[in-house]
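Reading through the structure tokens given below for one structure.
Residue numbers (our numbering): 137 to 447.
Printed below as a string of structure tokens:
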């Protein structure tokens, strides 16, 4: 436990120092490396993760998949409870704690989302948002292998949530390594299966997929940290980078029209294969973002569809 705590302290110090290295004007100084990892993630997803998720969805009955998704959602509720407390949002923390207790007990370990049926609201928070709440900046934008879009701050938050707050992590530390690893694999496959309906949206858009995902992710996270509002400087820079020429990033070409920014847009019925898929935009943003603590959306996928129709 002492070793784990030391690692968390070190990670926190690193993110505090790193966030001063990138300004808003240069939020993606590692673009060349990030694009390479983005391509790796795309190839890996198409070759391994997506086929496995497709098979999982095909052979697993919907009620079973819903139960699995609810189980991991309940674990994230525990993480959210702690982060709400760290942000001094005590009423929200009480609501999340209530959801966790109700679903864990009456929902058979979280397999049934009883709390939502009782209209108990969700207040999802992660440690990346907690750092942002206390004034820690994003730092440079990152694309993590397999996990997808992130920043220095959010990567630190993910490490802290996973190592310190996630109950699955405690299994790993208490001779439950095999069980912990199995749960992690199931979690990734379940999340990817949840996102299958939107997996082709990004590729079909007449945009640079990398630039779109980066800008959408940064806007989404800014909205979450600031309680639903998106900073104007992020909006005006939306889709700043068009498709790279000859494989090299370019920022001097003409940019497309700005995207429509909305919160909690209602998706069509076909996107509701799973009750926890809240919006088309959430599906879109999380197709390459396997962060287990999934939050609300801010970027409308309607803009993607409009660009696709205008090809």
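Glycine residues also receive a C-beta, built at the ideal position from the N, C-alpha and C atoms. Model, not experiment: these values are computed from the prediction.
Are residue 448 and residue 219 closer than 7 Å when you measure CB to CB? Lying before the first or after the last residue shown, residue 448 is absent from the chain, which here runs from 137 to 447.
Within 10 angstroms of its Cβ, does residue 310 collect 16 or more other Cβ (buried), or is it exposed? exposed
What do you get for residue 136, buried or exposed, if any count of 16 or more other CB atoms within 10 angstroms of its CB means buried? Outside the displayed span of the chain (137 to 447) sits residue 136, for which this structure offers no information.
Helix or strand or just coil, what does DSSP make of residue 391? The pLDDT assigned to residue 391 is 37, lower than 50, so where the model puts this residue is not dependable; a value taken from the coordinates is nonetheless given after this. Three-state result, residue 391: coil.
Would you mind working out which of 287, 181, 282, 249 sits nearest residue 165, comparing C-alpha positions? 287
Considering Cα atoms alone, identify which of 208, 274, 275 is closest to residue 103. No information on residue 103 is available, as it lies outside the stretch 137 to 447 that the chain covers here.
Taking just the CA atoms, how far does residue 343 sit from residue 279? So the alpha carbons of these two residues sit roughly 18 Å apart.
Just how far apart, CA to CA, sit residue 302 and residue 205? Whole-angstrom Cα-Cα distance: 16 Å.
On the DSSP bridge assignment, give the partners of residue 343 in chain order. Answer by DSSP bridge pairing: none, since residue 343 is not bridged.
Just checking my contact of residue 360 with residue 265 at CB under 8 Å: how many whole Å lie between their CB atoms? Yes, they are in contact, since the Cβ atoms of residue 360 and residue 265 sit about 6 Å apart, within 8 Å.
Which residues does DSSP list as the beta-bridge partners of residue 287? 277
How about the stretch 185 to 192 and the stretch 319 to 334: do they share at least three Cβ pairs that are nearer than 8 Å? yes
Touching by the beta-carbon criterion (3+ pairs, under 8 Å), the stretch 220 to 236 and the stretch 254 to 262: Under the three-pair Cβ rule at 8 Å, the stretch 220 to 236 counts as touching the stretch 254 to 262.
Range of the contiguous alpha helix (DSSP H) that encloses residue 306: 303 to 309
Just mark residue 216 as buried or exposed, buried being the case when its beta carbon has 16 or more other beta carbons within 10 Å. Burial of residue 216 is indicated by the presence of at least 16 other C-beta atoms within 10 angstroms of its C-beta.
For the alpha helix (DSSP H) holding residue 326, just list the boundary residues, first then last. In the DSSP annotation of this structure, the continuous segment of the alpha helix (DSSP H) that includes residue 326 starts and ends at 313 to 330.
Comparing C-alpha positions only, which one of 255, 313, 174 sits nearest to residue 346? 174
Return the residue from the list 268, 203, 221 that minimises the CA-CA distance to residue 240. For the residues 268, 203, 221, the minimum Cα distance to residue 240 belongs to 203.
Residue 284 vs residue 267 beta-carbon contact at 7 Å: In this structure, residue 267 does not lie closer than 7 Å to residue 284 by Cβ.
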